[in-house]
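> Mind looking over this structure? Questions follow.
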Amino acid sequence: MKRNLLLCVDAFGTLFRPRSPIAEQYGTVARGMGVKISDDEVAKSFRSAFKEVSKAYPNYGKATDMGARQWWTEVINKTFQPHHKGPLPSDLVPNLIHRFWSQEGYTAFPDVLSYLQSLSTQPARLASASPRLVVGVITNSDDRVPDVLSSLGLRVHHLRHGSKVEHIRQTSEPKDIDFCIMSYDVGCEKPDTRIFAAATSLLETILAAEGSKFEQKDWELLYVGDEVKKDAQGAIGAGWNAVIVDRGGEKDMAYEGDAPGVEGFMEVQGKRVTILEDFKALGTYGGHDLLSFD
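Quick note: the sequence shown uses the working numbering, first residue 11, plus one each step.
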């Protein structure tokens, strides 16, 4: 077993989930402003709007300098306009954007905060530690993710793909998340191997800023997510190990996931992938020693 560990995790569906189904939240807010629409209509219209805007403005509008807020404005408008005569209520878009930029729209899974906060107190998280543990996020998302995670109670370092890291100041307050890699910044989505390469590149930059060198042979790379194709296949294709967390929750009509629906393990591209029922089980599933603590 390699001494050092880079643990990266997915965000949506792995660390947090909507407080209630997306369509229900959209519908409740809209109906409160006079838009007559059912949750089923919201779900169907949202899926259609999301696909249409994604095709017209890929990567949440980053490629065309639209920006994530305007991108979501387009999605929200296209979701509700077919079901409402006249202009939409002026507060609808900003209300929904604010809701899904924070804990108002999302909640952390019960096991996430306690486990990540416990990991942050481990000696292996210190820059001078040997062995060393670094924890990051890799997600197909726009730049909302750090703000959402922070609002949920996690301490998130500002580092992300493209950050200039000349010197990392050591503080007495540990971080739960050392960096975030978002498809919005990288320009490609999981399962593309380049988004995983962005994480190892940032790790190399962090270590260099601390005065040490990244030697890949000394590091295990482990990715934890909730989808087989995007998460497990993507990670393994990039040379990482993978774990699937499948909590067996209800399916969100506005979200298309593909968790396997079983526990134990499965084979992905010739490699064994462990399937866990919750996030904290990482500490006992038989993986890296740095994930287990008293």
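Positions of the beta carbon are idealized from the N, C-alpha and C atoms, including for glycine.
Computed from a predicted structure; not experimentally measured.
Is the beta carbon of Ser138 sitting closer than 7 Å to the one on Met192?
no
> If I measure Cβ to Cβ from Pro270 and keep anything under 7 Å in the same chain, skipping five residues before and after, which residues do I get?
With a pLDDT of 46 at Pro270, under the threshold of 50, the modelled position of that residue is not reliable, and no figure is offered here.
> If you pair each beta-carbon of the stretch 116-131 with each one of the stretch 289-299, do three or more pairs fall below 8 Å?
Judged by pairs of C-beta atoms under 8 Å, the stretch 116-131 touches the stretch 289-299, as three or more such pairs exist.
> For Phe189 and Val145, what's the separation of their Cα atoms in angstroms?
7 Å
> Decide if Leu136 is buried, meaning its Cβ has at least 16 other Cβ atoms within 10 Å, or exposed.
exposed
> If you draw a straight line from the alpha carbon of Thr149 to that of Trp82, how long is it in whole angstroms?
Between Thr149 and Trp82, the alpha-carbon positions lie close to 17 Å from each other.
> Less than 7 Å between the beta carbons of Pro133 and Arg13, yes or no?
For Pro133 and Arg13, no; Cβs fall outside 7 Å.
> Compute the Euclidean distance between the alpha carbons of Tyr194 and Asp236, then round it to the nearest angstrom.
20 Å
> Can you confirm whether the stretch 109-116 touches the stretch 23-40 when touching is taken to mean that 3 or more C-beta pairs between the two stretches lie within less than 8 Å?
Segments in contact, yes.
> Quick check: Val147 and Ala21, are their CB atoms within less than 7 Å of each other?
Contact: yes.
> Report yes if the CB atom of Leu300 is closer than 7 Å to the CB atom of Leu16, and no otherwise.
No, these two residues do not count as a Cβ contact at 7 Å.
> Does the distance from the CB of Val45 to the CB of His94 come in under 7 Å?
yes
> With a Cβ-Cβ cutoff of 7 Å, do Thr203 and Ala248 count as a contact?
yes
> Just to confirm the assignment, what range does the beta strand (DSSP E) spanning Trp229 have?
Trp229 to Gly235
> Phe56: which of Met76, Pro92 and Arg79 sits nearest, CA to CA?
Comparing Cα positions, the closest option is Pro92.
> Could you give the C-beta distance for Ala245 and Phe206, rounded to a whole number, given that I count them as a contact under 8 Å?
Between Ala245 and Phe206, the beta carbon gap of about 6 Å places them in contact (Cβ cut-off 8 Å).
> Going by other Cβ atoms of all chains shown within 10 Å of its Cβ, with 16 needed for buried, is Lys200 buried or exposed?
By the neighbour-count rule (16 or more Cβ atoms within 10 Å), Lys200 is buried.
> Closest by CA to Leu106, which one among Val85, Gly77 and Leu123?
Val85
> Closest to Leu143 by C-alpha separation, out of Asp228, Glu287, Ala40 and Leu159, would be which residue?
Asp228
> To the nearest whole angstrom, what separates the beta carbons of Leu231 and Thr210, a pair I think is in contact under 8 Å?
7 Å
> In the stretch 95-162, which residue ranges form an unbroken beta strand (DSSP E) of at least 3 residues, counting only runs that do not cross its ends?
116-118 and 143-149
> Just curious, the beta strand (DSSP E) that Thr284 is in, first and last residue?
Lys281 to Leu286
> Apart from the five residues on each side of it in sequence, which residues of its chain come closer than 6 Å, Cβ to Cβ, to Ser222?
none
> Which ranges would you report for the alpha helix (DSSP H) in the stretch 193-247 if only whole runs of at least 4 residues count?
193-196, 203-220 and 244-247
> Just list the alpha helix (DSSP H) runs in the stretch 25-97, keeping only unbroken ones of 4 residues or longer that don't cross its boundaries, in chain order.
32-41, 49-66 and 78-90
> Alpha carbons only, please: which of Ser173, Gly172, Ala208 and Pro156 is nearest the one belonging to Lys185?
Pro156
> Assign Ala252 to one of three DSSP states: helix, strand, or coil.
strand
> Drop a sphere of 10 angstroms on the beta-carbon of Arg282, count the other beta-carbons inside from all chains shown, and report buried for 16 or more, exposed for fewer.
exposed
> Straight-line CA distance for Ala66 to Cys18?
30 Å
> Can you tell me whether Lys72 is buried or exposed, with buried defined as 16 or more other CB within 10 angstroms of its CB?
By the neighbour-count criterion, in which 16 or more other beta carbons inside 10 Å mark a residue as buried, Lys72 falls on the buried side.
> Let me know if His298 comes out buried or exposed under the rule of 16 or more other beta-carbons within 10 Å of its beta-carbon.
His298 should be labelled buried.
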